[in-house]
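In UniProt numbering, the protein residues as written are 1 to 148.
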């Protein structure tokens with residue numbers, strides 16, 4: 001069965017992965033740097049290939065996000081790119097994880113679009129924009145109400 005993964009492109013994926021490690025608690029960071037043959041083939045010149053990322057990835061609360069450096073034709077993030085982390089509001093550990101992550105992220109100086117609060121649909125949601133312009137929705141809902 002196919003799986004769907006987020007794949008983000010950054011000006012400097014190595015730096016970005018460190019940001020997500022520090023602010024979002026990302027784990028399992030893995031990166032593949034460009035080698036000299038790849039750089040020649042793609043016409044890339046840099047003094048330090050070790051700082052390039054041809055492919056990388058990290059995990060936030062069990063969710064894998066892949067990434068790489070953006071090439072010169074790549075578009076920067078816009079507010080139309082949104083990631084949602086969804087939690088089961090009926091599980092006390094999940095709610096605690098949501099609140100702890102949201103607190104850590106918002107204390108890092110991100111732009112708060114909407115504070116984390118109870119919503120009319122019975123869930124809880126807060127929205128932020130991180131330092132790269134990526135919008136994150138922190139959401140909790142009762143999983144027993146989800147359609148199967």
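Beta carbons: idealized from backbone N, C-alpha and C, even for Gly.
Per-residue burial, residue 56 [other beta carbons within 10 Å of its own, 16 or more giving buried]
What you label residue 56 is simply residue 56 of the chain shown in a count that begins at 1. The residue in question, residue 56, is buried, as its Cβ has 16 or more Cβ neighbours within 10 Å.
C-alpha distance - residue 142 paired with residue 13, whole-angstrom precision
To locate residue 142, count along the chain shown from 1; it is residue 142. To locate residue 13, count along the chain shown from 1; it is residue 13. One C-alpha to the other measures close to 35 angstroms.
Bridge partners for residue 85 per DSSP, in chain order?
Within the chain shown, the letter at position 85 stands for residue 85. According to DSSP, residue 85 bridges with 138.
Residue 27 - containing beta strand (DSSP E), residue span:
Your numbering for residue 27 matches position 27 in the chain shown. Start and end: 27-32.
For residue 80 and residue 86, what's the separation of their Cα atoms in angstroms?
As a first step, residue 80 is located in the chain shown; it is residue number 80 there, counting from the start. As a first step, residue 86 is located in the chain shown; it is residue number 86 there, counting from the start. When rounded, the distance between both Cα atoms is 18 angstroms.
Between 105, 144 and 139, which lies nearest to residue 118 when the distance is taken from Cα to Cα?
Position 118 of the chain shown holds residue 118. Nearest C-alpha to residue 118: 139.
Judging by CA-CA distance, which residue of 48, 50, 98 and 114 is the nearest neighbour of residue 24?
Stepping through the chain shown from its first residue, residue 24 is reached at position 24. Of the candidates 48, 50, 98 and 114, the one whose C-alpha sits nearest the C-alpha of residue 24 is 98.
If I follow the unbroken alpha helix (DSSP H) through residue 98, where does it start and stop?
For the purposes of this step, residue 98 is taken as residue 98 along the chain shown, with counting starting at 1. Residues 92-106.
Candidates 135, 9 and 95, of which the one nearest residue 112 by Cα
Residue 112 sits at position 112 when you count from the first residue of the chain shown. Of the candidates 135, 9 and 95, the one whose C-alpha sits nearest the C-alpha of residue 112 is 135.
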